[in-house]
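These notes concern the structure reproduced below.
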Amino acid sequence: VELDRGGIKVDEKMRTNVPNVFAAGDVTGFSLLAHTASREGEVVVNNLTGKDDIMRYNAIPGVVYINPEIAGVGETEESARAKGIAYKVARLSMAYAGRFVAENEGGVGLCKVLAGEKYGEVIGVHMLGNPSSEMIYGACLAIEQEMTLEEMKEVVFPHPTVSEIFKEVIFEF
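Residues in the sequence shown are numbered from 2 upward in steps of one, following the working numbering.
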């Protein structure tokens, strides 16, 4: 089995260079996050049982559990520039969500969305503020499903919630 980055080298279907041998989780050396390993395992099982599936690491969130929380998924401005991805960006204070203000008196909060310049697909979302860890899943879904800004505008978010800030920032483009 071939090694890479201190782990077992796999392709997007989690296959190794040895036929019928797959790897998932910490042994791949790619990510040490439990939720990444879980998704990698799903990809392995799906491919073993005949359901075509690929691992999309760009849709795996990262969270820093501090106060205020930080969460992000997909491209950052720095990574998009480094990859030569043309993008546009919008930011909005979480104070635009009344529930955020009510639950985080004097709290700091920001939601930033990156979208592809040509098609408007969501390529990155980054949040600062409580409860970012509970809201980032919506951005993961948007990236996993390659949703555009126009498609996101049609998604109904409950009100009043902090998570509706994700939809509000979409209207800033």
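Where a beta carbon is used, it is the ideal one built from N, C-alpha and C, also for glycine.
Environment of residue i [buried if 16+ CB atoms lie within 10 Å]
i: F172; result: exposed
i: S164; result: buried
i: L33; result: exposed
i: L4; result: exposed
i: K168; result: buried
i: T50; result: exposed
i: R40; result: buried
i: I137; result: buried
Span of the beta strand (DSSP E), counted from its first residue to its last, around residue i
i: K113; result: L111 to G117
i: E94; result: A small correction: the amino acid at residue 94 is Ser; Glu does not occupy that position in the sequence shown. Looking at the DSSP string, the run of the beta strand (DSSP E) that includes S94 is Y88 to S94.
i: V28; result: Unbroken run through V28: none, as it is neither H nor E.
From the options, residue whose alpha carbon lies closest to that of residue i
i: G117; options: Y138, I144 and Y97; result: I144
i: E13; options: M56, V65 and G26; result: M56
i: E76; options: H127, H36, V64 and V65; result: H127
i: I166; options: E135, G63, A25 and Q146; result: E135
Bridge partners - residue i, DSSP secondary structure assignment
i: T149; result: E122
i: V74; result: V126
i: K4; result: With the sequence shown as reference, residue 4 is identified as Leu, and Lys is not the correct amino acid for it. I9.
i: G63; result: G73
Span of the alpha helix (DSSP H) around residue i
i: D108; result: Strictly speaking, residue 108 in this sequence is Gly, with Asp absent from that position. Run containing G108: none; DSSP gives neither H nor E here.
i: G42; result: A35 to L49
Looking at C-beta atoms only, is the number of pairs between the segment 90-100 and the segment 113-133 that lie closer than 8 Å three or more?
Counting Cβ pairs under 8 Å, three or more are found: they touch.
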